[in-house]
Every structure is written in structure tokens, then in C-alpha cells.
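Let me begin by presenting the structure, written as C-alpha cells, before commenting on it.
Numbering (this note's numbering), first residue to last: 1352 to 1535.
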């Protein structure tokens, strides 16, 4: 489950996304309904996870108001998973700066506690329909110039830089993402 904060001229706001890999290797298993309920009882996501699919996503539309922090209920089939979510936008983890036509990204990742996974910082290229092209490319410096070329060539229409922080709550991976749209 991902909680995404977007910055940039073309895309600002929030989004919640549920991602799933195959639930079972049993090809006879039926699709599983999936629901996400916010702490205030509002239905955020409703859909289904199909069996036999390698990877799938269900996401909210773009939201302009920050989702509420608190305990969300993720329900997959008949199993309910309480997920504690703490959203804090007080610090930007990533920013795009333009100085004398020298566009660059400045990364200030959040501090992680001992024994927690470290943050991941990367470039992502997308086509005109915002389908990701290729793989994420790691950003390894705190300040880095915006790439002039894409590994995907002319198909690329959009570029973003993101910082992702992970935590695990039982069998569920919770991801907090800050992403900035980069002119490309």
C-alpha cells in the first residue's frame, strides 16, 4: 500500500495505491474483493484482485486534500488488516530547483530508525499515458542534475524523481512516497 504526495506544475496532490502480486498459485482461486477504509470510515478504494495476474494496482483518483493519519482498514477477501498510517508533510524530501538554467533535484530523505529499511531515491520515466518505461534508476547523491536523455528514448514524455520510505505491518508493506514532476 502506498501513500503518495506529488509536487510539480503538472501534478500536485495525493494518491493512495494498493499493489499486489499473485495471491496464490492456485489457478482455480477466485478474484478477491479489496477495500480500503479511512480512519473516519470513508471508503477510499474498492475493487478486486484477480487471480493469475502477475502484478496489479488499484488506486484512488488524484486527491487535493491530504489523507487522514490514523488506522486504516485494508480488507482483502474476508481478511481485515488494520494499518497504522502517519502522514507528515512538514518536510519535503525532494525538490526541483532551477538555477541559471541548471535544473537539478535536491534530496533530503527522512531519517529512518535502526533496523528499518533505508529510503529509496530514484528517477522514473513515463510515456504519454503515464505508463512507466523501463526500471527506476537510483539517484545516489543529495543534489543531482536532471538527466537530459531517457533510457527509453523518444517514447519518454514525463520524468519524475521520488523518495520512497518503507515499513512493514505484518504481511503488508506500507510505502510513503514523495514525488516531484520534472519537466522533460
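Cβ atoms here follow ideal geometry from the backbone N, Cα and C, with glycine treated the same way.
> Taking Cβ to Cβ, would you say residue 1513 is nearer than 8 Å to residue 1507?
Replying inline: no
>> Among 1490, 1493, 1459, 1509, whose alpha-carbon lies nearest the alpha-carbon of residue 1480?
In response: 1509
>> Threshold first: 3 residues or longer. Then list the beta strand (DSSP E) segments lying entirely within the region 1456-1530, N to C.
In response: Taken in chain order, the complete beta strand (DSSP E) segments of 3 or more residues contained in the region 1456-1530 are 1471-1477, 1483-1489, 1494-1496, 1509-1520.
> Between the region 1419-1433 and the region 1390-1400, do at least 3 Cβ pairs fall closer than 8 Å?
Replying inline: Three or more pairs of CB atoms, one per stretch, sit closer than 8 Å, so the region 1419-1433 contacts the region 1390-1400.
> Going by C-alpha distance, which of 1434, 1497, 1407, 1483 is nearest residue 1354?
Replying inline: 1434
> First and last residue of the beta strand (DSSP E) that includes residue 1411?
Replying inline: Where residue 1411 is concerned, there is no enclosing beta strand (DSSP E), given that its DSSP letter is neither H nor E.
> Measuring CB to CB, does residue 1399 end up less than 8 Å from residue 1382?
Replying inline: yes
> Is residue 1447 near residue 1454, with beta carbons less than 8 Å apart?
Replying inline: yes
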